[in-house]
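Reading through the structure tokens given below for one structure.
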Amino acid sequence: MNAWLYVAEFILALALAPLASGIINRVKAKFAGRHGKPLLQLYYDIFKLLFKGEVLGEGTTWVFSAGPVIAMISSVAALALLPLGGAASPLAFQGDFILCAYLLGMGRFATVLAALDTGSPFEGMGASREALLGALGEPVLFLALLALITTAESLGVPRELSLSTLFNGFSPLAWLNGRPELIMLVFVMGVLLLVENCRIPVDDPTTHLELTMIHEVMVLDHSGPNMAFVQYGSAVKLWLFSSLLTGLVLPVMPVWAHTLSSILGVFVCAAAVGVIESVMARLRMHVVPALVGLAGSVAAFVLILTLVR
Amino acid sequence: METFLLALLLMAAGALLTGVVALRPVSLATNRTANFIGPASAAAACLLGVYGLFSGGWSSAENFILPWGLPFGAFALGLDPLSRLFLLPVFALGFTCAISGCISLRHSDPSEHNLGAHWLFYLLLLLGMTCVMTARDALFFMLSWEIMSLSPFFLIDFNDRDRLVQDASWVYLVAAHLGAVLLIAFFALLWQQSGSTLFAAMAAKAPAHGTALFLLALFGFGAKAGLAPLHVWLPEAHPAAPSHVSALLSGAMLNAGLYGIIRSFDFFGPAQQMPGWWGWLLMAAGIVTALMGILKALAQSNLKRLLAYSSVENMGLMVMGAGIGLVGIHTGSAWTAALGFAGCLFHMLNHSAFKGLLFLCAGEVLHAAGTVDMTRLGGLQRKMPMLGALFALGAASIACLPPFNGFAGEFVLSLSMLRSLELPGMEQKIAMLACLTGLMLTSGLSAAVYAKAYGMTFLGQARTDAATNVHAPENRFLLPLVIPAAACVLGGLLAPWAFKMVQPTLDFIPVMHTGLLTPAANVISSTESLLGRVSLIGGAAAALVVLFALIRRALLARHGVKRGPVWGCGYRYATPRIQYTPASFVEPAARIFGLVMGTAVKTEKPEGLFPSRVRLDVDAPDVVRGRFYTPLFQLMEKGCNALKILQSGLVNMYILYILITLVALLIWGIA
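Protein chains in written order, with this note's numbering: chain A, 857 to 1165; chain B, 727 to 1397.
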């Protein structure tokens, strides 16, 4: 029964994922005083791209063609480990967060290699930046997870520790049980969301200058179905990180309420990203690691606080 | 056991035969003979050896003692699960590298290389490693250890006309012997205490100077394993050696250091009496080595140097695992103890598979392009698709990406540190969690390192003529590489079964006999089921990737695929030289980790009104070697030179020395 519920939630998440990007764009447009693209623009784009032909860069190999598929499937597989709408993932197991982080790493690796395959200096630039940010983001994500894990262990959560126990109404419960420091993890996960999804202030996905991009410059040469996979993959990744964030905030609720509020939570995240993108400028490239470092220090601080109890 | 002894005999016989061939004047015919006898006997011995490992039952322990002519020691051999586990990579890689070496050396020039000597030392290396991991007597162990340490000197020195190669083999020889000195001291102390050279007798006697013994073992074996700061020989020796030798050294011989550390736990008495800081020291040494290794690897632009530093990193992770295991035993946490050791051993097996594969691939690159300098390569994937695919597989495995075997090992290592709350004391919990964070940073960086290694060598466009005019190897010559490649894939997709191989060994880790065995077995079996989940999800994801690749193909069937120029920002005259280089790829990282990466940038800026020559050199020499060892050895050389005044060459002076000594002794005797 529970597994079927999860499958339904999972399909819902996969279906709604491109909507979040529409929300970001709409919020940004409103801030700029424009009406903006339709909310469903990404659906149209993906649908259109799927039925187009592809132009491959000269001299590229199967690595270039396989990159987007691997990246998309990695994000989807990582999403399948998350608790969605209050339903625990049937795939959950102790330590599944390690697999989740490394699946995202696999996607990043494939994207970076696909970018390097073109031999274009711009894509090499993006690949270089993405490889570093990915390496820096991983320990930060783990510091945040470890804070949750140690809290769960010291509060005596009897179940095995997986994403489905840690991001399913656990954290608000901990706040109320004298662990308010976990609220700071919201900031950490927020920064990770921006870093991993390459949004302002880390990366500017809509700028006209390739020199200043990270993610978008790596996928410049994709077209047709592969571009659709790239776009859908990033939409799923955004959904994944937003779900992690909402999973930190939402308490345990009845199924329908939890489903509704977690979807709403993802949309709120998307709107918040839109607001941040409208009011902030991109950080200079060498300041970005400092931002990740800041998130890491906050996470380490929370971890130490939870240990000291 | 009999099959196993037969394998040993076969190696010795092969060595004898190739030795005879080596003594004859070198000609095309002798080289051909040697290149047949050597690999054939090595491969046959390795196959026999693998059969011998499994024939007696994977978890059984056997002993075998023969009298020998020497006044001390005994020819005592033993096969227990610990030896069996460490011998598996020796034989598997010994087989693969022998065949691969036979293929790559088939056209070597008799006027430059004596293949008889090469294969003699290859077989001696195999024999030495096998004996090290089965010796049950200190004297026999040290003899085998010396054979194992000496033969690589001659193997590394294969291209002995190259100045750099000579230099590298000397560095190797010095490092190997400094390590051996410590080990001799280690065993001499034990011998003195127990009065016997047999391991069993040494273990039975509770040692007096536990800490001194532990430190001797750590530094002696650590020098072999490449623990920082004793790693300096690795980045010199691996690039200099022929690739099949580097693969064997990196995938099997380094493990001997780890084996020594774990085996030496036998001699320190019961685990309860070990000081708690031993485990922490191992752990700290491991994680520091790992972080330093991976950052140095990131800075390299020579593919084989990069792989060598990455071996340093991986050995660091294994030693860290052993340290976690010790900490777990000391604090009585079955979870930490079992998974720490299991992670260490599992990672050892996995590392042998992918590092062997990567070194052999690097050898093919060297063969095809004549260089492994990544600044001169690029675009090899198109010319050698099979080799590129194999390297990509190895790179994804070593970068710890699911669903390959590297991730399975990393998963166990990470799991072992998750129960840090069971540790007493705040500082211990924090140290353990900091170590886990360090592990995550290491693995994140290793993804960047291997994205660079694969991307710069195989992807993009050829940067120089070396990469344009490659002699692509025929696919059948890549067949030996399929063995480690299959291990990488199967080790990931069948991870629970691969992990099962480690279980019997855990019971034989000497310090594990502390009532932890039953809970440890439970931990291991539950981890097996977790690994089952990992494999399931990884396999499903791989299947989905294939499915979507097919969907893409179906979607494209109507339109077809066109080729067009890569987007160059509107610039039409792009050349391969404007591509990102290995140095520029890691430039953002060098801004943060520059201190450890030690990148040295030399620029010749444009000067004058009509600047002609502009130059930029980025290099990453080993900081420890340059700042610590070179001055140290220079100082020692100076000291030795200062002593030269004594050595005047005049006989009457020497007689005077004797007289002075006698008088001095006389005075000392009276006083």
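Even glycine gets a Cβ: it sits at the ideal position worked out from N, Cα and C.
Under the three-pair Cβ rule at 8 Å, the region 1026-1044 of chain B does not count as touching the region 1214-1225 of chain B. For F1137(B), the chain A residues whose C-beta falls within less than 9 Å of its own C-beta are G951, I954, L955 and Y958, listed in chain order. Of all residues in the region 1032-1061 of chain A, none is placed with a Cβ closer than 7 Å to any Cβ belonging to chain B. Close CB contacts of F953(A) within its chain, under the 6 Å cut and outside five residues either way in sequence, are with L1001 and L1019 (chain order). Nearest neighbour of T1329(B) by Cα position, chosen from D1345(B), G1135(B), C772(B) and M1323(B), turns out to be D1345(B).
Excluding the 5 residues flanking it on each side, L1162(B) has same chain C-beta neighbours closer than 7 Å at S1140 and M1143, in chain order. When the beta-carbon positions are compared, A949(B) and A902(B) come within less than 9 Å of each other. Per DSSP, E1200(B) lies in no beta strand (DSSP E) and is assigned neither H nor E. Chain-order list of chain A residues neighbouring I1318(B): P1145, by C-beta distance under 7 Å. For T1190(B), there is no enclosing beta strand (DSSP E), as DSSP gives it neither H nor E. For the region 1071-1100 of chain A, residues whose beta-carbon sits nearer than 8 Å to a beta-carbon of chain B comprise L1076, D1077, G1080, P1081, N1082 and F1085. Annotated three-state conformation of A1300(B) is coil, per DSSP.
Apart from the 5 residues on each side of it in sequence, P995(A) sits with its Cβ closer than 8 Å to the Cβ of G1152 in its chain, given in chain order. Around A1300(B), the same chain offers G1294 as residues with beta carbons nearer than 7 Å, after the five sequence neighbours per side are excluded.
Residue contact check for K904(A) against chain B: no CB pair falls below 9 Å. Residue-level contact by beta carbon fails for F1026(A) and chain B, as no gap is shorter than 9 Å. DSSP places I825(B) within a helical segment (H, G or I) once states are collapsed to three.
By the criterion of a C-beta distance shorter than 6 Å, M1041(B) is surrounded in its chain by A951, G952 and L980, once the five residues flanking it on both sides are discounted. Between A1211(B) and A1173(B), the C-beta gap is not smaller than 9 Å, which leaves the two residues out of contact. Annotated as proximal: H1073(B) and G1047(B), with beta-carbon spacing under 9 Å.
For E1313(B), the closest Cβ of chain A is nearer than 9 Å.
Cβ neighbours of T1190(B) within its own chain (closer than 6 Å, five residues either side excluded): R1102. If you keep only unbroken alpha helix (DSSP H) runs of at least 4 residues inside the region 1069-1113 of chain A, you get 1071-1074 and 1080-1105. Beyond the five residues adjoining it in sequence on each side, A741(B) comes within less than 6 Å, by CB distance, of L846, L849 and L850 in the same chain, given in chain order.
When C-alpha distances from L869(B) are compared across Y1380(B), E1254(B), F817(B) and G799(B), the shortest belongs to G799(B).
Interface annotation for the region 981-992 of chain A against chain B: M981, A983, S984, R985, A987, L988, G990, A991 and L992, criterion Cβ-Cβ distance under 8 Å. For I1160(A), a Cβ of chain B is located within less than 9 Å of the residue's own Cβ.
For T1063(A), the three-state secondary structure derived from DSSP is coil.
By alpha-carbon distance to G982(A), the top candidate from A943(A), D1077(A) and W918(A) is D1077(A). DSSP, read as helix, strand or coil, puts T1329(B) in strand. Burial state of K1364(B) is exposed, judged by a 10 Å Cβ sphere holding fewer than 16 other Cβ atoms.
With a cutoff of 9 Å on beta-carbon distance, S1118(A) and G878(A) are scored as not near each other.
In this chain, F1359(B) is not harboured by any beta strand (DSSP E); it is covered by the alpha helix (DSSP H) spanning T1356 to A1368. Minimum Cα-Cα distance from L754(B) among the listed residues S837(B), H935(B), I1050(B) and I825(B) corresponds to S837(B). Within the region 1284-1295 of chain B, the residues whose Cβ lies closer than 7 Å to some Cβ of chain A are H1285, G1286, V1287, K1288, R1289, G1290, P1291, V1292, W1293, G1294 and C1295, listed in chain order. The alpha helix (DSSP H) runs lying completely inside the region 836-906 of chain B and spanning 4 residues or more are 841-860 and 864-882, given in chain order.
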